[in-house]
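To keep things clear, I will list the structure first and then write my remarks on it.
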Amino acid sequence: MQPFSYKPPRVGTGELRTPVIFYEYAPNDGPEPGETEKQVLYNAWAKVDSVWLKDLETAKANGTLSDLTITIRDPQGDYRPTNKHYISVEVPEYWDKRYNVKSVQPDLQNRDFLTIVAEVST
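Heads up, our numbering is the position in the sequence shown plus 66, with the first residue counted as 1.
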């Protein structure tokens, strides 16, 4: 018989220290191309991870060096992120960047969280 050993969850609520804002964008009015922020959809605290060192070579080959993995608490139906939404990470290192949601998946180890992969939008 295998002895019981407790394995703590990968993410706990104490690790959600970075504020993030989810936006919806709309096309600019007038002849100029581009988009502007239409409305704020959701505010949350998140754990933000960039590309891991072990995945660095794969990320270089795919051109995804600036992707982020964001873990937030599951909003339980109040908000559901989609690939049409954008994310702003509210820390000085990321103020000039907007990220587009690439994929959203529930954290299968802990159903209380959502894992979002986001890429820099141009």
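Ideal Cβ placement from N, Cα and C applies to all residues, glycine included.
Nearest to residue 178 by alpha carbon, out of 187, 100 and 137?
-> Looking up residue 178 in the sequence shown gives position 112. With distances taken between Cα atoms, residue 178 lies closest to 137.
From the DSSP output, which residues share a beta bridge with residue 140?
-> Counted from its first residue, the sequence shown places residue 140 at position 74. Partner(s): none; residue 140 has no beta bridge.
What residue from 155, 164, 98 and 140 has the CA that sits closest to residue 77's CA?
-> Taking the first residue of the sequence shown as position 1, residue 77 is located at position 11. Comparing alpha carbon positions, the residue from 155, 164, 98 and 140 closest to residue 77 is 140.
Give every residue of the same chain whose Cβ lies closer than 8 Å to the Cβ of residue 144, excluding the five residues on either side of it in the sequence, and list them in chain order.
-> In the sequence shown, counting from the first residue as 1, residue 144 sits at position 78. Correct list, in chain order: 108.
Using only alpha-carbon positions, find the residue among 96, 111, 101 and 147 that is nearest to residue 80.
-> On the sequence shown, residue 80 is found 14 positions in, with the first residue counted as 1. Looking at the Cα atoms, 111 is the closest of the given residues.
Could you work out which residue in 185, 176, 184 and 187 is closest to residue 73 when comparing CA atoms only?
-> Counting from one through the sequence shown, the residue named residue 73 turns up at place 7. Ranked by Cα distance from residue 73, the first of 185, 176, 184 and 187 is 176.
Cβ-based neighbour list, residue 166, same chain, cut-off 6 Å, excluding 5 preceding and 5 following | Within the sequence shown, numbered from 1, the residue matching residue 166 stands at position 100. Around residue 166: 152, 185 and 187.
Per DSSP, which residues does residue 166 bridge with? Please list them.
-> Position 100 of the sequence shown, counted from the start, is the residue given in the question as residue 166. In the DSSP output, where bridge partners are listed per residue, residue 166 has 152 and 185.
Can you check whether the CB of residue 98 is closer than 8 Å to the CB of residue 91?
-> Taking the first residue of the sequence shown as 1, we reach residue 91 at position 25. Taking the first residue of the sequence shown as 1, we reach residue 98 at position 32. No Cβ-Cβ contact shorter than 8 Å links residue 91 with residue 98.
Taking the alpha carbon of residue 159 as the point to measure from, which residue in 69, 85, 67 and 68 has its own alpha carbon closest?
-> Translated into positions along the sequence shown, residue 159 becomes position 93. Comparing Cα positions, the closest option is 85.
Taking C-beta to C-beta, are residue 155 and residue 114 nearer than 8 Å?
-> On the sequence shown, position 89 is the one that residue 155 refers to. On the sequence shown, position 48 is the one that residue 114 refers to. Yes, the pair counts as a contact, with Cβ atoms nearer than the cut-off.
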